[in-house]
Every structure is written in structure tokens, then in C-alpha cells.
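Q: Numbering-wise, the sequence shown is residues 349 to 696 according to our numbering.
Cβ coordinates follow ideal geometry from the N, Cα and C atoms, glycine included.
Computed from a prediction, not measured in an experiment: that's the story for all the values here.
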Amino acid sequence: MKIFLKKILYLLEFLPKMPDDVFQLKLFRNHMRKVIFNRDNLYFLDNCNNNNTINVQENNKPNIMVITHDFSNTGAPKVTLDLCKKLKEIYDANIYIVGPSNGDLKEEFDKYGNVFYISDLPSKKENFVEFCNKFNLILVSSLSNEIMLCLYVCRNFIKTPIIWYTHEIHKKDAMLPKLGIRVSDLILCVSPLVEKSIKNIDKNAKTQLLMYGLDDIIMPVYPCSKEKVIFLCIGTLNKRKNQKLFAQAIKMMPEKLREKCKFYIIGSPLQKEDFVYETELNIMTSGIKEVEYIPNIPQKELFEYYNMSDCIVCTSVQDPLPIVVTHGFMFSKISVISKAIGQALLCE
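(1) Answer yes if the region 409 to 422 comes into contact with the region 478 to 493, meaning at least three C-beta pairs across the two stretches below 8 Å, and no otherwise.
(2) Going by DSSP, what residue range makes up the alpha helix (DSSP H) through Ile598?
(3) With distances taken from CA atoms, which of Phe476, Trp512, Leu580 and Asp563 is nearest Glu437?
(4) Starting from Gly676, follow the alpha helix (DSSP H) in both directions and report where the run begins and ends.
(5) Looking at the strands, I want to know which residues DSSP matches up with Glu474.
(6) Is it true that the CB of His417 sits closer than 9 Å to the CB of Leu469?
(7) Just reading off the alpha helix (DSSP H) that Val446 is part of, what are its end residues?
(8) Extract the residue ranges of the beta strand (DSSP E) inside the region 476 to 534, only unbroken runs of 3 or more that lie entirely within it.
(9) Should Met600 be labelled buried (16 or more other beta-carbon atoms within 10 Å of its own) or exposed?
(10) For Lys620, tell me which candidate among Lys587, Phe457 and Val577 has the shortest Cα-Cα distance.
(11) Should Lys426 and Gln647 be called a contact, given that it needs their Cβ atoms to be closer than 9 Å?
(12) Does DSSP put Ser683 in a helix, a strand or coil?
(13) Using the Cβ count rule (16 or more neighbours within 10 Å means buried), how would you classify Asn421?
(14) Cβ of Lys592 within 9 Å of Cβ of Glu628?
(15) Rounded to the nearest angstrom, how far is the Cβ of Lys547 from that of Cys502, given a contact under 8 Å?
(16) Measuring only the C-alpha atoms, how far is Asp521 from Tyr465?
(17) Beta-carbon separation of Gly583 and Pro670 under 9 Å?
(18) Where does Glu575 fall in DSSP's three states?
(19) At the level of alpha carbons, what is the spacing between Val624 and Ser664?
(20) Can you tell me where the alpha helix (DSSP H) with Ile565 in it begins and where it stops?
(21) Taking Val661 as the reference, give the member of Glu652, Pro643, Ser686 and Leu534 with the closest Cα.
(22) Could you give the residue range of the alpha helix (DSSP H) that holds Lys610?
(23) Would DSSP call Cys695 helix, strand or coil?
(24) Is the separation between the beta-carbon of Ser545 and that of Ile517 shorter than 9 Å?
(25) When every heavy atom of the ligand ATP is checked, does at least one fall within less than 8 Å of the C-beta of Lys587?
(26) Skipping 5 residues on each side, what residues in its chain have a beta carbon closer than 8 Å to that of Arg606?
(27) Taking 9 Å as the cut-off, decide whether the C-beta atoms of Ile511 and Ile529 are in contact.
(28) Looking at the secondary structure, which residues open and close the beta strand (DSSP E) in which Phe419 lies?
(29) What is the DSSP secondary structure of Glu640, counted as helix, strand or coil?
(30) Is Val404 helix, strand or coil when you go by DSSP?
(31) Just the Cα atoms here: how many angstroms apart are Thr674 and Ile495?
(32) What residues match up with Val661 in a beta bridge as DSSP calls it?
(33) Assuming Lys608 and Lys576 are in contact, meaning their beta carbons sit under 8 Å apart, how far apart are those beta carbons, in whole angstroms?
(34) Determine whether the Cβ of Leu669 lies closer than 9 Å to any Cβ atom of chain D.
(35) Around the C-beta of Cys480, are 16 or more other C-beta atoms found within 10 angstroms, so that it is buried, or is it exposed?
(36) Per DSSP, what kind of secondary structure is Gln619 in: helix, strand or coil?
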């Protein structure tokens, strides 16, 4: 209850004195509805009660605040983790990483910076502004609701440059991307599909294309049977990743041909509606012995599946630049994707 009240106070502190700004009021209303009052939401902070004081170092090194939308073992946080690693290596910077909730990658982030939760940030507007102005750069990776709201309300008082590194394809009528455009000095887009969606919202937005970088990895050699053709479909189980399309394709295969294959669907649901999707997906593939589900696994273990596979299948409805396809290219695997996938432009 204490954390819940703190969150309410945290957001109320940032509201101006009954503004006429319909944009801001709608944003706050939607945020309260989706985040604060929804206990099934990923961003609910019951388990994030560090209550730490964030002490920004004063030395000759640059101070950079990196904001991630979560610490889950999924694509965008993995890219953010690699970004923190590179900032540390290249600039020897003091990295401060802020996220809304705990997750499987938090311990990895701990290696490259000081990790804090949004609930640790100053809750008064003037204190938040003072805190932000201690940094040389604020880098928002993906779209973090709470931070974007706070940066927007305080933007006129924050002197620190703000860069938004976005990994999403944004809808023209969505509120949060409009807010991200307003607060950012520069918007880095992970693929041309993302940049196009930003320009559709605001043609004057200052954008730059920056595909993420990954360490070049030499595939380890594991003993594995090649009696069957192995397909991988990797990603969070949800409608956007569209694993049902993969399941439909498997069901349509002649049984004799299907028996010569093995299909791994690797990933876990995150949001409440994703668990419903997972159940429906399981029903679709029930009775097909060649299909095997693997929950989210550490990257090292995931690479073992890449090694034994022959083909990577990405069935997303839209995906800016999925990391699983990039790994598929890196490991010289046949990758099946559509034009709605960012890497399609590279293939062309």
C-alpha cells in the first residue's frame, strides 16, 4: 500500500496547476488507467521498493542516465544492455540505468552501471529537475511511460540533452510517441520502419537511423543430431509476434513431411492477455508431437538452439528490427521473414 500511495503522489507532483493542455490530461488519464490501477500490468511496482538515494558521481567521467522500459529477457532490453556496455567501454562513463520493474536481465545490467527503479527517483518536480541536470545525457531507450510523462512536464527546466532511442513502430494517433517527440532533442530510430512511423506523426521531428550493434559471436560447436530439419520461432508469446501463423503453417504441412521436422517455439507471455494467447496457441498445436515449447531461457542456452537449427522463422505482424533475425543472419541460418520486418530492407 505504501508503494502504491508513493506512485500516486509521484505522478500528482508532476501535474501542473490544472492545465488547459488536453494532451497532457489525456496522457495522465490513460497512464493512471493502464499502469497505476492495473495489478496485472508489467509496470506495477509492488516488488520494486529499493528506496535508494541515487548519488550522481562528480568526477571527470560523463554521467549518462539510460532509461529502459523494463529489465525482461526480451529484444529491446537486450539491445539496451549492449548499449550500456558500449557506453562504458568507449566513454568510460558513469552509467545510471533506470527501469520500472525487476526482471531477468537486471543482474546483467548491474555489471555495467548503477541500476535503480523509477520509485527511487525524486518525486517533487523541482528535485527531479535538479537530478536530471546533473547528467551530461539522458538516453531513453524504447518507451517508458512514467519517465516520458515526467520529462515532458519538466522539459522547459531540464538543460540536459535528451535522446530517445526508439524500437517501436508507432501509430499516428498514439499519445506517448507524440510526447516522446516533444521532449527529445534527437530521435534515434532502430530501423527505417520506425523512422517512417515517427515522420508520419511529425514530419519535422529530428530523426537519425541507428541500427543496434551486437557483439560478433563465433558459434560454439555442440554435438547434435541432424536427423530432422529444425525450425525456431523465438519471441514473447503475443499477438504482435503472431506465433499462431507459425502454428497454422505447421498444421498445413503433410504429415509425412512434418515428421521429418522439429519445431521449437521459444518464449514466454508477459502481459495478462499474452497468457490467453499462449493457451490458444497450445490448443492449436495440441496433438502435433513435432512442436515443442521452451520458456524464456538465458542467451547462452538460446545459442545452443540456434546452433542445432536450420531455419529461423519470424512471424511478427510488424517488427522494427527483431534481434532473433539479426542473430539468425549472424549464425548463417536461413531466415523466413515478411516485408513487415525491419531486416527485409537488408535482404532486398
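A: Judging by the given coordinates:
(1) With a cut-off of 8 Å on Cβ pairs, the region 478 to 493 is in contact with the region 409 to 422, counting three or more such pairs.
(2) By 1-based counting over the sequence shown, the position of residue 598 is 250. Per DSSP, the continuous alpha helix (DSSP H) segment holding Ile598 begins and ends at Gln591 to Met600.
(3) In the sequence shown, counting from the first residue as 1, residue 437 sits at position 89. Per the C-alpha coordinates, the member of Phe476, Trp512, Leu580 and Asp563 positioned closest to Glu437 is Asp563.
(4) What you label residue 676 is simply residue 328 of the sequence shown in a count that begins at 1. Element bounds for Gly676: Ile671 to Met678.
(5) By 1-based counting over the sequence shown, the position of residue 474 is 126. None; Glu474 has no bridge partner.
(6) Residue numbering aside, residue 469 sits at position 121 when the sequence shown is read from its first letter. Residue numbering aside, residue 417 sits at position 69 when the sequence shown is read from its first letter. In this structure, His417 does not lie closer than 9 Å to Leu469 by Cβ.
(7) Residue mapping note: residue 446 aligns to position 98 of the sequence shown, counting from 1. For Val446, no alpha helix (DSSP H) segment is defined; the enclosing uninterrupted segment is the beta strand (DSSP E) at Asn442 to Gly447.
(8) For the region 476 to 534, whole beta strand (DSSP E) runs of length 3 or above, ordered along the chain, are 485 to 489 and 510 to 514.
(9) Here residue 600 corresponds to residue number 252 of the sequence shown, with the count starting at 1. With fewer than 16 Cβ atoms within 10 Å of its Cβ, Met600 is classed as exposed.
(10) Taking the first residue of the sequence shown as 1, we reach residue 620 at position 272. Taking only the C-alpha atoms, the option nearest Lys620 is Lys587.
(11) Indexing the sequence shown from 1 puts residue 426 at position 78. Indexing the sequence shown from 1 puts residue 647 at position 299. Closer than 9 Å, so yes.
(12) The residue labelled residue 683 in the question sits at position 335 within the sequence shown. Strand.
(13) As a position in the sequence shown, residue 421 is number 73, starting the count at 1. A residue is called buried when at least 16 other Cβ atoms come within 10 angstroms of its Cβ; Asn421 meets this threshold and is buried.
(14) Position 244 of the sequence shown, counting from 1, holds the residue named residue 592. Position 280 of the sequence shown, counting from 1, holds the residue named residue 628. A contact, by the Cβ cut-off of 9 Å.
(15) As a position in the sequence shown, residue 547 is number 199, starting the count at 1. As a position in the sequence shown, residue 502 is number 154, starting the count at 1. The Cβ separation is near 26 Å, so there is no contact.
(16) For the purposes of this step, residue 521 is identified with residue 173 of the sequence shown, where counting begins at 1. For the purposes of this step, residue 465 is identified with residue 117 of the sequence shown, where counting begins at 1. Put simply, the backbone Cα of Asp521 is about 29 Å away from that of Tyr465.
(17) Counted from its first residue, the sequence shown places residue 583 at position 235. Counted from its first residue, the sequence shown places residue 670 at position 322. Between Gly583 and Pro670, the gap from beta carbon to beta carbon is short of 9 Å.
(18) By one-based count along the sequence shown, residue 575 stands at place 227. When DSSP states are grouped into helix, strand and coil, Glu575 belongs to the coil group.
(19) As a working mapping, residue 624 is identified with position 276 in the sequence shown. As a working mapping, residue 664 is identified with position 316 in the sequence shown. Distance between the alpha carbons of Val624 and Ser664: 18 Å.
(20) As a working note, residue 565 is residue 217 in the sequence shown. Counting along the chain, Ile565 falls outside any alpha helix (DSSP H), and DSSP gives it neither H nor E.
(21) Mapped onto the sequence shown, residue 661 falls at position 313. When C-alpha distances from Val661 are compared across Glu652, Pro643, Ser686 and Leu534, the shortest belongs to Ser686.
(22) On the sequence shown, residue 610 is found 262 positions in, with the first residue counted as 1. Looking at the DSSP string, Lys610 is not in any alpha helix (DSSP H); the run it does join, the beta strand (DSSP E), is Cys609 to Ile614.
(23) Within the sequence shown, residue 695 is the residue found at index 347, counting from 1. Helix.
(24) Counted from its first residue, the sequence shown places residue 545 at position 197. Counted from its first residue, the sequence shown places residue 517 at position 169. Contact flag set, yes.
(25) As for the ligand ATP, it is missing from this structure, which has no ligand bound.
(26) In the sequence shown, residue 606 corresponds to position 258, counting from 1. Excluding five sequence positions before and after Arg606, the CB atoms of its chain that fall closer than 8 Å to its own CB belong to Ile598, Ile636 and Glu638, given in chain order.
(27) As a working mapping, residue 511 is identified with position 163 in the sequence shown. As a working mapping, residue 529 is identified with position 181 in the sequence shown. No, the pair does not count as a contact, with Cβ atoms beyond the cut-off.
(28) Looking up residue 419 in the sequence shown gives position 71. Boundaries for Phe419: no beta strand (DSSP E) harbours it, and the DSSP string shows neither H nor E there.
(29) By 1-based counting over the sequence shown, the position of residue 640 is 292. In this structure, Glu640 counts as strand in the three-state DSSP scheme.
(30) Indexing the sequence shown from 1 puts residue 404 at position 56. If DSSP states are grouped into helix, strand and coil, Val404 belongs with coil.
(31) Walking along the sequence shown from the start, residue 674 turns up at place 326. Walking along the sequence shown from the start, residue 495 turns up at place 147. In this structure, the CA atom of Thr674 is about 29 Å from the CA atom of Ile495.
(32) Residue mapping note: residue 661 aligns to position 313 of the sequence shown, counting from 1. Checking the DSSP bridge columns, you'll see Val661 partnered with Val684.
(33) Locating residue 608 in the sequence shown gives position 260, where the first residue counts as 1. Locating residue 576 in the sequence shown gives position 228, where the first residue counts as 1. Contact flag correct, Cβ pair sits at about 6 Å.
(34) Checking the listed chains, one finds no chain D in this structure; it contains a single protein chain.
(35) Counting from one through the sequence shown, the residue named residue 480 turns up at place 132. With 16 or more other Cβ atoms from the protein chains shown falling within 10 Å of its own Cβ, Cys480 counts as buried.
(36) Taking the first residue of the sequence shown as 1, we reach residue 619 at position 271. It is coil, neither helix nor strand.
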